[in-house]
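Residues in the sequence shown are numbered from 4 upward in steps of one, following this note's numbering.
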Amino acid sequence: MEPYRIKVVEPIPITTRDYRERRYAEGGYNQFNLTADDVTIDLLSDSGTGALSAEQQAAGMRGDETYAGARSFSRFRDVAEELTGYRYIFPVHQGRAAERILFNALLKPGQISISNTHFDTTRANVELAGGVVRDLPCPLAADLDSDEPFKGDIDLVALEAALSGPDDVGLVLMTITNNGGGGQPVSMANIEAASALCRRHGVPFILDAARFAENAWLVTQREEKYRGHSPRDVAKLAFRLADGCVASLKKDGIVHIGGLLGLNDEELAKRCELLLIATEGFRTYGGLSGRDLDMCAQGLMEVTDPLYLRERADATAYLAECAREAGVDSVTPTGVHAVYLNAGRLLPHIPPHRFTGHALASELYLAGGIRCAELGSLYLGEIDESGELITPAPFELVRLAIPRRVYTRSHLEYVAETLAGIAKNPEQVPGYRLTEAPAMLRPFRCRLEQVRDVVVTAGPTPAFRRSEPRRTTP
4 MEPYRIKVVE PIPITTRDYR ERRYAEGGYN QFNLTADDVT IDLLSDSGTG ALSAEQQAAG
64 MRGDETYAGA RSFSRFRDVA EELTGYRYIF PVHQGRAAER ILFNALLKPG QISISNTHFD
124 TTRANVELAG GVVRDLPCPL AADLDSDEPF KGDIDLVALE AALSGPDDVG LVLMTITNNG
184 GGGQPVSMAN IEAASALCRR HGVPFILDAA RFAENAWLVT QREEKYRGHS PRDVAKLAFR
244 LADGCVASLK KDGIVHIGGL LGLNDEELAK RCELLLIATE GFRTYGGLSG RDLDMCAQGL
304 MEVTDPLYLR ERADATAYLA ECAREAGVDS VTPTGVHAVY LNAGRLLPHI PPHRFTGHAL
364 ASELYLAGGI RCAELGSLYL GEIDESGELI TPAPFELVRL AIPRRVYTRS HLEYVAETLA
424 GIAKNPEQVP GYRLTEAPAM LRPFRCRLEQ VRDVVVTAGP TPAFRRSEPR RTTP
């Protein structure tokens, strides 16, 4: 059961399909263009969407808004230092700010950033700093149905080859858990081995630690060496294997805004501090209010509670099981922060160039008011200037990200019931075509239209197939 009771409630919008069809068409069939009033169950992201605890609210009331050297910063720094062990702790307003500061201070033009998987904003920040991204997921990640426990690992053989080769590698970024790789965890053995390789070659090893507690929980459940360890102890060990971290605390800080940049290298920290002051705020507030810093500190203490982590993992596993019973497969084993639906398997009639993952995510909204995120060819595919797909993503996935301490089991059952309705007639789901395709951060800014592949006949046999826009009646 949930190890908490609900103290404040908020009504959620209940809308009709006609309303949703009209609003979605007005938004260019992009879920980022919907408003809160358009959405019944919001699984678009687990970032900054969680519910604050009573202790976090109380901590916020103690917030000190002094511009420099606030007591709130001291509390935040003490908690972050105890957890991570890093010498230099900088607060920022969210994780992508930490990425931007670190990459601009660390990467030289043309240098490579290696990761188990770069997420979209991380990739953009590397490229904006002049770097080049290279993803090296482990081979096990290619089997969506296997029960291998650590499919979020980096490919150590490929990593060693990259570090030993002629390419100029600026850093290795280990994302825990591997969000772009199906929310799969990274083993402590993999973190330790990657750390050793980086230190041997003199390359900075950085954690993208947005979901450090959830990764630590799965380590305690799946890695024999760490059974019986507390999630906090495992997290501490992981941080100390790295040279620093970037972290969005909107995930495992359980706050609505906040982030962390932690480092050990003094010279690098000085360069980052200059960028922080110039673009975010003074080093002791980093763009956050004092109350935000205090709530971040409290969240960093609460998030490693085994009872909280167990319930969160159980809720996600419950949704995955309900989805499977409804006829919709997901990436296994299930992680903690999200269920990744296998849209390609459910909708084989929609080819990648019609954005299979986006089609399923769209139908979830149209059928039930459920907003979620595509992680398929719209996000990861190579697309030309006209919006046509050149190289598809390896998989067509849909991420159902679960906000922390927000939805009950009945909400999750509603999601599964909506999926069951879609799975009864999957061939009715249309594909999509890009009408506006920005070169960078495409999922956030693109616009699309619905299309159906129509068989056109000339005589007794089909002559050719063409795609026609689907007309939506408001």
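The beta-carbon is built from N, C-alpha and C at its ideal position, and this holds for glycine as well.
State the Cα-Cα distance for the pair residue i and residue j, rounded to the nearest angstrom.
{"i": "E29", "j": "G379", "result": "23 Å"}
{"i": "P336", "j": "T87", "result": "28 Å"}
{"i": "Y7", "j": "R294", "result": "23 Å"}
{"i": "D21", "j": "L403", "result": "23 Å"}
{"i": "H340", "j": "D81", "result": "27 Å"}
{"i": "T19", "j": "T394", "result": "37 Å"}
{"i": "F467", "j": "E163", "result": "Note on F467: pLDDT 28, under 50, position unreliable in the model; the coordinate value appears next. Answer to the nearest angstrom: the Cα atoms are 49 Å apart."}
{"i": "T124", "j": "P446", "result": "11 Å"}
{"i": "T223", "j": "Y70", "result": "40 Å"}
{"i": "R286", "j": "A219", "result": "29 Å"}
{"i": "D332", "j": "L369", "result": "20 Å"}
{"i": "A196", "j": "A132", "result": "28 Å"}
{"i": "A213", "j": "R99", "result": "11 Å"}
{"i": "L200", "j": "R274", "result": "25 Å"}
{"i": "V158", "j": "S118", "result": "The sequence as given places Asp at residue 158; Val does not occur at that position. So the two alpha carbons sit approximately 9 Å from each other."}
{"i": "E366", "j": "L143", "result": "30 Å"}
{"i": "P397", "j": "A326", "result": "22 Å"}
{"i": "N193", "j": "N428", "result": "42 Å"}
{"i": "M4", "j": "Y410", "result": "13 Å"}
{"i": "G51", "j": "L252", "result": "8 Å"}
{"i": "M191", "j": "L296", "result": "29 Å"}
{"i": "V306", "j": "Q59", "result": "12 Å"}
{"i": "V175", "j": "E430", "result": "42 Å"}
{"i": "G3", "j": "L271", "result": "Since the first residue of the chain shown is 4 and the last is 477, residue 3 is not available in this structure."}
{"i": "F242", "j": "G265", "result": "10 Å"}
{"i": "V12", "j": "A54", "result": "10 Å"}
{"i": "R455", "j": "R23", "result": "19 Å"}
Can you tell me the Cβ-Cβ gap for residue i and residue j, rounded? I've got them flagged as a contact below 8 Å.
{"i": "V136", "j": "V172", "result": "Incorrect: roughly 12 Å between the Cβ atoms, too far for contact."}
{"i": "I353", "j": "V432", "result": "7 Å"}
{"i": "G347", "j": "T421", "result": "About 19 Å separates the two Cβ atoms, so there is no contact after all."}
{"i": "L437", "j": "V401", "result": "At roughly 18 Å, the Cβ-Cβ gap does not stay under 8 Å, so L437 and V401 are not in contact."}
{"i": "H121", "j": "G184", "result": "Contact flag wrong, Cβ pair sits at about 10 Å."}
{"i": "A108", "j": "L278", "result": "6 Å"}
{"i": "S75", "j": "D67", "result": "5 Å"}
{"i": "A329", "j": "A426", "result": "6 Å"}
{"i": "L291", "j": "C248", "result": "Wrong, their Cβ atoms sit about 17 Å apart, outside the cutoff."}
With distances taken between CB atoms, is the gap from residue i to residue j smaller than 8 Å?
{"i": "K254", "j": "D41", "result": "no"}
{"i": "A127", "j": "L350", "result": "no"}
{"i": "F358", "j": "L383", "result": "no"}
{"i": "T180", "j": "G338", "result": "yes"}
{"i": "T282", "j": "I405", "result": "no"}
{"i": "M480", "j": "V258", "result": "Only positions 4 to 477 of the chain appear in the structure, and residue 480 is not among them; the question remains open."}
{"i": "V129", "j": "G262", "result": "no"}
{"i": "Y32", "j": "Y435", "result": "yes"}
{"i": "T43", "j": "I9", "result": "no"}
{"i": "F153", "j": "Q187", "result": "yes"}
{"i": "E399", "j": "P355", "result": "yes"}
{"i": "A83", "j": "L303", "result": "yes"}
{"i": "L47", "j": "C449", "result": "no"}
{"i": "R407", "j": "R313", "result": "no"}
{"i": "G565", "j": "I104", "result": "This structure leaves residue 565 out entirely; the chain is present only between 4 and 477."}
Note the first and the last residue of the continuous beta strand (DSSP E) segment covering residue i.
{"i": "E439", "result": "G434 to E439"}
{"i": "I117", "result": "I115 to S118"}
{"i": "I257", "result": "Neither: I257 is in no beta strand (DSSP E) and is coded neither H nor E."}
{"i": "T178", "result": "V172 to T178"}
{"i": "V135", "result": "V135 to D138"}
{"i": "V95", "result": "Y91 to V95"}
Would you mind reading off the limits of the alpha helix (DSSP H) that contains residue i?
{"i": "R26", "result": "R20 to E29"}
{"i": "N345", "result": "Not the alpha helix (DSSP H): N345 falls in the beta strand (DSSP E), residues A341 to N345."}
{"i": "Y311", "result": "P309 to E328"}
{"i": "L162", "result": "L159 to S167"}
{"i": "L303", "result": "G293 to E305"}
{"i": "G88", "result": "First-last for G88: undefined, no H or E at that position."}
{"i": "L105", "result": "G98 to L109"}
{"i": "V129", "result": "D123 to L131"}
Just to confirm the assignment: which complete alpha helix (DSSP H) runs, minimum length 4, are found wholly within the stretch 368-438?
380-383 and 412-427
So within the stretch 224-288, which uninterrupted beta strand (DSSP E) runs reach at least 3 residues, ignoring any that extend past its ends?
247-251 and 262-266
Identify every run of the beta strand (DSSP E) within the stretch 189-223, keeping only runs that are complete inside it and at least 3 residues long; order them along the chain.
208-211
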